[in-house]
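Below is one structure, written out as structure tokens, with a few remarks after it.
There are 2 protein chains.
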Amino acid sequence: MSAGHPGVGRLARLLPAAAWLRGYTRADLNADLAAGLITAVLLVPQAMAYAMLAGLPPQVGLYAGVAAPIAYALFASSRVLAVGPVSVTAIMVASALAGVAGRGSPAANALVLALESGLLLFAMAALRLGGMVSFLSHPVLSGFTSAAAIVIVLTQVPPLLGIGGTASTASHEIVAAIAAHLGDFEPATLALGAASIVLLALAGRPLPRLLLRLRMPAARATALSRGAPLAVVLLALAAVAGLELDRAYGVATIGAIPRGLPAPDPGFLRLDTWLALLPSAALITVISYVESISIAKILAHRRRQRVDANQELVALGAANVAAAFTGGMPVAGGFSRTMVNFVAGARTQLAGIVTAVAMGAILLSFAHLFARLPQAALAAIVVVAVAQLIDLGEVRRLWRYQRRDAAVLLLTLGAVLVFGIELGLVVGVLASLLAHLWRTSRPHVALLGRIPGTQLFRNVRRHEVETWPHLALVRVDENLSFANIGRVEDFIMAHLARHPRVEHLVLVASAVNDIDSTALAALERLAASLRDAGVALHLAEVKGPVHDLLVRAGLPGRLAPGRIFFSTAEAVDALTGAARAAPAS
Amino acid sequence: MSAGHPGVGRLARLLPAAAWLRGYTRADLNADLAAGLITAVLLVPQAMAYAMLAGLPPQVGLYAGVAAPIAYALFASSRVLAVGPVSVTAIMVASALAGVAGRGSPAANALVLALESGLLLFAMAALRLGGMVSFLSHPVLSGFTSAAAIVIVLTQVPPLLGIGGTASTASHEIVAAIAAHLGDFEPATLALGAASIVLLALAGRPLPRLLLRLRMPAARATALSRGAPLAVVLLALAAVAGLELDRAYGVATIGAIPRGLPAPDPGFLRLDTWLALLPSAALITVISYVESISIAKILAHRRRQRVDANQELVALGAANVAAAFTGGMPVAGGFSRTMVNFVAGARTQLAGIVTAVAMGAILLSFAHLFARLPQAALAAIVVVAVAQLIDLGEVRRLWRYQRRDAAVLLLTLGAVLVFGIELGLVVGVLASLLAHLWRTSRPHVALLGRIPGTQLFRNVRRHEVETWPHLALVRVDENLSFANIGRVEDFIMAHLARHPRVEHLVLVASAVNDIDSTALAALERLAASLRDAGVALHLAEVKGPVHDLLVRAGLPGRLAPGRIFFSTAEAVDALTGAARAAPAS
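Protein chains in written order, with the numbering used here: chain S, 1 to 585; chain R, 586 to 1170.
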């Protein structure tokens, strides 16, 4: 009873929103209102553009920007993550939809993807798999993101030229489609697209730099820069209306956007589509979650706040389920959008709710005004946004640091371009797992000797040390596992073959934090073999938990005549003394 | 010129046989002759039985026992490994052949598998991938072997009952086929099979135990026990001939065996079959190699000899190519056969050549006498041989040692039984990689404090230590990699959230042997975030090679104001001194 209101505690645990709403001040509200509205300015054009990138009607992106951020806000542990459609998952949705082309409408299939993604996120939360996705290494993620961005840029070439494209996300098929229709390009569309790209590029870095030189405060300069996509949308709308670009010059527009949220689609319920989309949904889920959690963590750490991985799984799951039930597409935390939210001063998820309400208001009031928005303007927004994601310099940086990581990045990038978005990602993940195993399979193994006059034991190759002809001290700087025990055995046997007088071999385990069952079995086998060959296998400096494990497995008995010594020094004292007492036969 | 005969040195490197033939004595020859003949006695019935297990005519097994051991003997670094058809690869061959049923004869496809396997082994040798197969962990191998043995026993039930079976190696299909035909069993076949099994079982352990009690020398008792399969073959032949079991009672026999080696089969050259069989050949290659090298290593260690992994790849490759060109099937080092060879006193691979010559002599002279050998007798030999491979007690042993390894074993075993031999193995390998990663993803992380009056730093949970409110010492007992850096970050952020007065965080890297690029990027990000939050991130006790890596990547500069300290003591002295000089605001 002394624990206060247990109901409130449980509520706060499930709904972190309840925690930050208590103690919420007027200043917080003002900050969140401003940040939420600024974020909406960026989200409106991005949402439509990413929906079209995914092969969906533009309004689907807007739908995904209404209920999803509210659902996320209620459950999120991150204060500033802004969720909605994002570019990399949008191209993954396009890839998934191309795989089930002809089975149900794309919009209905996008709902299935969002719902499956939401349920998978819930399942991961239930299994507490928040840490599992750390299995996506940085090289894989970097290579995948760069390759996806390249594929995205390619998919935007047809709308920028006003030519026919393809629903495929395989890079060679997109290039082939572009090459086939290149002659049909529409000059007006190209001009409009090119002008949009130039405007957006200028607004990206040159504009804020100029504004800062003109003494404008940094926050306002950034906000103006981030408003460029909306400015492009408005200018393009004005150009089409003023010059009749659509009717007179054939510039393709996005067409009528229905007012309000849509009624549920019955296509939702087809089991075969559900099964066919499940693998794609799983990949989208993993990428969405990893992107979101990494942005959330970076920003939380800056304010010394914490992000709860499992709570984020719940919140993102809720966001995707909400998106599915309001006609949307899969959503995640977007990098540029969240940075805008953060820089604009968002303090809590109320900013996200403000963004969502603004989106809803636009849908209910003047979304129909977007009908004559040219597709080329949205394509320009996509191209400029994702071009920043292509980071080939990372290959060079990784190459200098660790070649195997650079190789994994290049392999992932190449696999995505050659095999497509989904298979490419799978290939990259497998390559990174193998590279990781390859690393642990090549442990640093050193022969030790004693630094004269001390109890310190060091690598014989790097130090002047004393050694003993009948005794070998071998230190392995890695956990012993199936991946490396074979090499350790080989090292030991090679040493014994070259030094036939060795009678005692001490494995110094000071850097060993774990011995798996394969390594244990190999040690037992090695001890038996060496015993037959007249060599005793000993262990020294075994850490507490590892020692407990070995005792549980009964290794000490099976080592005999070998022993487990506390320290290397103790082993050397015992074995050099013992050897002197009992000379070799 | 002082290096002697370089030609001879190179020859010795390529053909280890050249090395052991020099200095070869009369005593060696006698030992090898005896061991080779005893091994042949075991190999003849096993070779026929495993060929039939693979879905091939029995003579294919005999063919594989002639040229392959000779080719192996020339290139092998192992002195005693006896190669030929083995049970587990035979069931893998059966599975592969079932996959291409109807495309070419089984015998032709078996040649393709042997040739592909040989070429893959050569490729692995060229790439020096001898260590790569250590990626097959003990739990995977144990689970796979037990499951394969169970499948093998199931496949032998139809010939033991004299009923129709299936070419499938999927356990549920075999069981279904048995159930469908159970009523048709032939009493004479069943009686003959049961009698064979009883004889073989008695000869397995009870016979040598009895002989030893009767004071027979151990080597001779073992040889008699190992001759039981040949005895069963001869008794079964006599029973069929004497009682006309085949003509009068319908006991199925193996049929005529053509004399000599076969002419090459033109079916060899179909590209589509080559491609279709390649994945199976790859799995057979890996399992053959792992089985062979582990037996070879165990026995070599007992005599303090070395086995060269890459040389073994060459020798096994040569053996498989030789098998392919002489009408055989994939070969590997067999456990029981090699043990017989070893116990019988084989000193060099000349014993293998003796075995091969004996096999060839049998094929050229009296192989036709096997025509009336009942299939049930061979099935009995297979069942008794593989029953020893089923080791379910290993699950219990692993469970007590490390549950995740027991889980991997059970998963592999279940996957092979449910999904079949090949997919089951792939599932097991993936599960073991994930389990390995799972382990490294959960590092032991400890907060340290100083044992008063010393320079020793220990876990605050296990020791009475002094700590400082503005300083946190965190030790991670694992290499930092993409698999675990997220957890380390979480640990640090959770600590900082609970201890707002911390201004300096020292990561003690005494157990860190490697930092991959993902972990490096995370550390840089963490340092920047912590700096914004008013906390300096330092490192201490960084090992030499890791320090070089970090310097190359420019981390020291990006840690500022954080530093890299030589020892934890130095860090504490510097940071507690600094804090006293500049009190917290």
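We put the beta carbon where it would ideally sit given N, CA and C, even for glycine. As the structure is a prediction and not an experimental result, all values here were calculated from the model.
Residue i classed as buried or exposed, judged by whether at least 16 other C-beta atoms fall within 10 angstroms
i, result
"glycine 328(S)", "buried"
"arginine 228(S)", "The displayed chain sequence assigns alanine, not arginine, to residue 228(S). It is buried - the Cβ of alanine 228(S) has at least 16 other Cβ atoms within 10 Å."
"serine 690(R)", "exposed"
"threonine 1052(R)", "exposed"
"threonine 568(S)", "buried"
"phenylalanine 1150(R)", "buried"
"leucine 409(S)", "buried"
"glutamate 478(S)", "buried"
"glutamine 973(R)", "exposed"
"proline 583(S)", "Only weak support is given to the placement of proline 583(S): the predicted model assigns it a pLDDT of 40, under 50, and the value that follows is read from those uncertain coordinates. With fewer than 16 other Cβ atoms within 10 Å, it is exposed."
Option in the options with minimal Cα separation from residue i
i, options, result
"leucine 638(R)", "Thr674(R), Thr610(R), Ala661(R)", "Thr674(R)"
"glycine 130(S)", "Asn484(S), Leu496(S), His504(S), Ala309(S)", "Ala309(S)"
"leucine 161(S)", "Ile197(S), Ala170(S), Ile287(S), His172(S)", "Ile197(S)"
"isoleucine 295(S)", "Ile1149(R), Leu1111(R), Val629(R), Ala652(R)", "Leu1111(R)"
"proline 802(R)", "Ala773(R), Val928(R), Asn905(R)", "Val928(R)"
"arginine 844(R)", "Ala788(R), Ala946(R), Leu830(R)", "Ala946(R)"
"leucine 480(S)", "His463(S), Arg498(S), Asn459(S), Ile515(S)", "Ile515(S)"
"leucine 15(S)", "Pro69(S), Ala73(S), Asp32(S)", "Ala73(S)"
"alanine 147(S)", "Ser171(S), Arg128(S), Phe135(S)", "Ser171(S)"
"isoleucine 676(R)", "Glu1088(R), Arg611(R), Gly835(R), Thr754(R)", "Thr754(R)"
"aspartate 1117(R)", "Val153(S), Ile298(S), Val83(S), Glu503(S)", "Ile298(S)"
"aspartate 573(S)", "Arg475(S), Leu471(S), Arg487(S)", "Leu471(S)"
Span of the alpha helix (DSSP H), counted from its first residue to its last, around residue i
i, result
"histidine 547(S)", "544-552"
"alanine 1121(R)", "Taken as a continuous stretch (DSSP letters only), alanine 1121(R) belongs to no alpha helix (DSSP H), being part of the beta strand (DSSP E) at 1121-1125."
"leucine 1105(R)", "1102-1117"
"alanine 752(R)", "That residue, alanine 752(R), is in no alpha helix (DSSP H); it is neither H nor E in DSSP."
"alanine 282(S)", "271-302"
"arginine 981(R)", "978-986"
"asparagine 30(S)", "26-53"
"leucine 74(S)", "67-75"
"leucine 211(S)", "206-213"
Where the beta strand (DSSP E) through residue i begins and ends
i, result
"leucine 136(S)", "Note, leucine 136(S): premise wrong, no beta strand (DSSP E); not H, not E."
"leucine 471(S)", "471-476"
"glycine 902(R)", "Careful: glycine 902(R) lies outside any beta strand (DSSP E), inside the alpha helix (DSSP H) at 894-910."
"leucine 129(S)", "Element bounds for leucine 129(S): n/a, residue is neither H nor E."
"arginine 1034(R)", "According to the sequence displayed, residue 1034(R) carries glycine and not arginine. Run containing glycine 1034(R): 1030-1035, per the beta strand (DSSP E) assignment."
Separation of residue j from residue i, as counted between CA atoms
i, j, result
"valine 157(S)", "alanine 379(S)", "8 Å"
"methionine 924(R)", "leucine 1134(R)", "48 Å"
"isoleucine 386(S)", "leucine 392(S)", "Just to set this straight, residue 386(S) is valine in the shown sequence, not isoleucine. If I take the Cα positions, the gap works out to 13 Å."
"valine 629(R)", "valine 899(R)", "25 Å"
"alanine 110(S)", "arginine 337(S)", "22 Å"
"alanine 841(R)", "methionine 633(R)", "13 Å"
"serine 529(S)", "aspartate 490(S)", "13 Å"
"valine 416(S)", "glutamine 46(S)", "24 Å"
"isoleucine 1070(R)", "arginine 811(R)", "55 Å"
"serine 722(R)", "phenylalanine 729(R)", "11 Å"
"methionine 359(S)", "leucine 1122(R)", "41 Å"
"glycine 449(S)", "arginine 458(S)", "6 Å"
"valine 60(S)", "leucine 81(S)", "21 Å"
"valine 1014(R)", "threonine 997(R)", "8 Å"
"glycine 1147(R)", "tryptophan 399(S)", "26 Å"
"arginine 247(S)", "arginine 372(S)", "10 Å"
Proximal residues, the stretch 389-414 of chain S versus chain R, C-beta separation under 7 Å = Listed in sequence order: Leu398, Arg400, Tyr401, Gln402, Asp405.
Listed from N- to C-terminal order along the chain, which residues in the stretch 1049-1076 of chain R have their beta-carbon within a distance smaller than 8 Å of any beta-carbon of chain S?
-> So the close ones are Asp1062, Glu1063, Asn1064, Ser1066, Phe1067, Ala1068, Asn1069, Ile1070, Gly1071, Arg1072, Glu1074, Asp1075.
Which residues, taken in chain order from the stretch 704-724 of chain R, show a beta carbon closer than 7 Å to some beta carbon of chain S?
-> Flagged, chain order: Gly716, Ser719, Phe720, Ser722, His723, Pro724.
Residues of the stretch 1076-1102 of chain R with a CB closer than 8 Å to any CB of chain S: list them in chain order, please.
-> Listed in sequence order: Met1078, Ala1079, Leu1081, Ala1082, Pro1085, Ala1096, Asn1098, Asp1099, Asp1101, Ser1102.
Taking any Cβ of chain R, which residues in the stretch 428-439 of chain S have a Cβ under 7 Å from it, in chain order?
-> Answer set for the stretch 428-439 of chain S: Leu433, His436, Leu437, Arg439.
Identify each residue in the stretch 646-676 of chain R for which the Cβ-Cβ distance to at least one residue of chain S is less than 8 Å, and report them in chain order.
-> Against chain S - using a Cβ distance shorter than 8 Å - the stretch 646-676 of chain R contributes no residues.
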